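Here's the structure we're looking at; comments come further down.
In my numbering, the protein residues as written are 462 to 777.
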């Protein structure tokens, strides 16, 4: 099951409403949903949303509505009508947890071969409220997790994978299981799967960060940093992939650790005897002064004798 939420900062109630309605087959009683709306005609429903939005205090970059989608994969055990009935119940439960006092309307779409999904239009403020509903990311995540838990426990016949409540290990397993789709796709790997496989091989071959950069360059890949996040760009199509999303953080960390150990070893290694012998020994200060005095004395004697001998004879 997938839940998506997209905010809108314009009062595009009419556009979204007609988009949702146009894409629905409207072939059953489960294809239309509404909450806290008394109108039945299209123009009156849109008017209710517009009137409720008028209650909001003007705020720069403020939201006016949310377009949200709840999607379930089709089951091999159920008819389309049975899936619609269950999805309608899921939407009712979700809306009660997420926005009990907001205006909500939506339509079910069943045109896809692998899923059925509900499009919802949700007012950003509760009924007649002058302020937007405040829903933190944590609170929204909690609603999504509770909804998925309800689906898994109440409707096992829907055969939904655990995605929202999945542990890190389950997410990694899910990614590796995707390799099984290669057969169905005629042997072609998806781009994300291909870059994951390439990076895993590069990490295994690299023993230092310098080696890593060389190996990446040979494969037409660049590494980038955005804040604390590390990612990779495939230069051929300029696609970006985050290390965390690919599930390769541990493999990358091993390369970093190997590189650090090598750097520390080089720093601790003492200079070899050959290196030490080539380094000139520093000349003591007293020796320098003594030699200067000898040269000065010799030149003084030479001047007295009028010796014409070339000074080069005394260079030793």
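Every residue gets a Cβ at the ideal spot worked out from N, C-alpha and C, and that includes glycine.
For clarity, every value in this text was computed on a predicted model and none was experimentally measured.
Helix, strand or coil for residue i, going by three-state DSSP, please let me know.
{"i": "residue 582", "result": "strand"}
{"i": "residue 519", "result": "coil"}
{"i": "residue 462", "result": "coil"}
{"i": "residue 540", "result": "coil"}
{"i": "residue 616", "result": "coil"}
{"i": "residue 623", "result": "coil"}
{"i": "residue 700", "result": "strand"}
{"i": "residue 530", "result": "strand"}
{"i": "residue 668", "result": "coil"}
{"i": "residue 499", "result": "coil"}
{"i": "residue 478", "result": "helix"}
{"i": "residue 714", "result": "helix"}
{"i": "residue 739", "result": "Unreliable placement is indicated for residue 739, whose pLDDT of 49 sits below 50; the coordinate value is still reported in the next sentence. Helix, per DSSP."}
{"i": "residue 468", "result": "strand"}
{"i": "residue 804", "result": "Since the first residue shown for the chain is 462 and the last is 777, residue 804 is missing from the structure and cannot be characterised."}
{"i": "residue 566", "result": "strand"}
{"i": "residue 587", "result": "strand"}
{"i": "residue 657", "result": "helix"}
{"i": "residue 724", "result": "helix"}
{"i": "residue 593", "result": "strand"}
{"i": "residue 450", "result": "Not covered by the structure: residue 450. The range shown for the chain is 462 to 777."}
{"i": "residue 524", "result": "coil"}
{"i": "residue 695", "result": "strand"}
{"i": "residue 575", "result": "coil"}
Considering only residues of the same chain and omitting the five flanking positions on each side of residue i, which have a CB-CB separation below 8 Å?
{"i": "residue 568", "result": "481, 482, 484, 485, 487, 492, 493, 494, 579 and 580"}
{"i": "residue 664", "result": "673, 709, 712, 713, 715 and 716"}
{"i": "residue 518", "result": "591 and 592"}
{"i": "residue 506", "result": "478, 495, 498, 500 and 566"}
{"i": "residue 666", "result": "672 and 676"}
{"i": "residue 683", "result": "677, 693, 694 and 696"}
{"i": "residue 588", "result": "497, 513, 562, 563 and 564"}
{"i": "residue 509", "result": "498, 499, 500 and 564"}
Here's a check: name, in chain order, each residue in its chain whose Cβ is nearer than 7 Å to the Cβ of residue i, leaving out the five neighbours to either side.
{"i": "residue 661", "result": "709 and 712"}
{"i": "residue 720", "result": "669 and 670"}
{"i": "residue 782", "result": "In this structure the chain extends from 462 to 777, so residue 782 is not present and cannot be described."}
{"i": "residue 613", "result": "621 and 623"}
{"i": "residue 554", "result": "608 and 611"}
{"i": "residue 402", "result": "Residue 402 lies beyond the stretch modelled for the chain, which goes from 462 to 777, so this question has no answer here."}
{"i": "residue 542", "result": "489"}
{"i": "residue 471", "result": "525"}
{"i": "residue 701", "result": "692 and 694"}
{"i": "residue 703", "result": "690 and 692"}
{"i": "residue 594", "result": "560, 563, 585, 586 and 587"}
Using the rule of at least 16 other Cβ atoms within 10 Å of the residue's Cβ for burial, across every protein chain shown, is residue i buried or exposed?
{"i": "residue 605", "result": "buried"}
{"i": "residue 467", "result": "exposed"}
{"i": "residue 657", "result": "buried"}
{"i": "residue 527", "result": "buried"}
{"i": "residue 533", "result": "buried"}
{"i": "residue 556", "result": "buried"}
{"i": "residue 740", "result": "At residue 740, the pLDDT of 48 sits below 50, so the modelled position is not reliable and the matter cannot be decided from this model."}
{"i": "residue 696", "result": "exposed"}
{"i": "residue 513", "result": "buried"}
{"i": "residue 586", "result": "buried"}
{"i": "residue 679", "result": "exposed"}
{"i": "residue 686", "result": "exposed"}
{"i": "residue 559", "result": "buried"}
{"i": "residue 698", "result": "exposed"}
{"i": "residue 584", "result": "buried"}
{"i": "residue 571", "result": "buried"}
Whose C-alpha, out of the options, is nearest the C-alpha of residue i?
{"i": "residue 490", "options": "475, 544 and 718", "result": "544"}
{"i": "residue 592", "options": "561, 680 and 525", "result": "525"}
{"i": "residue 539", "options": "619, 700, 686 and 475", "result": "619"}
{"i": "residue 552", "options": "476, 629, 722 and 463", "result": "463"}
{"i": "residue 691", "options": "707, 564 and 681", "result": "707"}
{"i": "residue 596", "options": "561, 677 and 589", "result": "561"}
{"i": "residue 693", "options": "575, 728 and 659", "result": "659"}
{"i": "residue 515", "options": "602, 550, 474 and 654", "result": "474"}
{"i": "residue 573", "options": "469, 536 and 502", "result": "536"}
{"i": "residue 705", "options": "630, 722 and 718", "result": "630"}
{"i": "residue 523", "options": "476, 603 and 469", "result": "469"}
{"i": "residue 582", "options": "725, 654 and 511", "result": "511"}
{"i": "residue 577", "options": "549, 681 and 520", "result": "549"}
Kindly list the residues whose CB is nearer than 6 Å to the CB of residue i, restricted to its own chain and excluding five residues on each side of it in sequence; keep chain order.
{"i": "residue 625", "result": "605, 606 and 609"}
{"i": "residue 727", "result": "none"}
{"i": "residue 476", "result": "none"}
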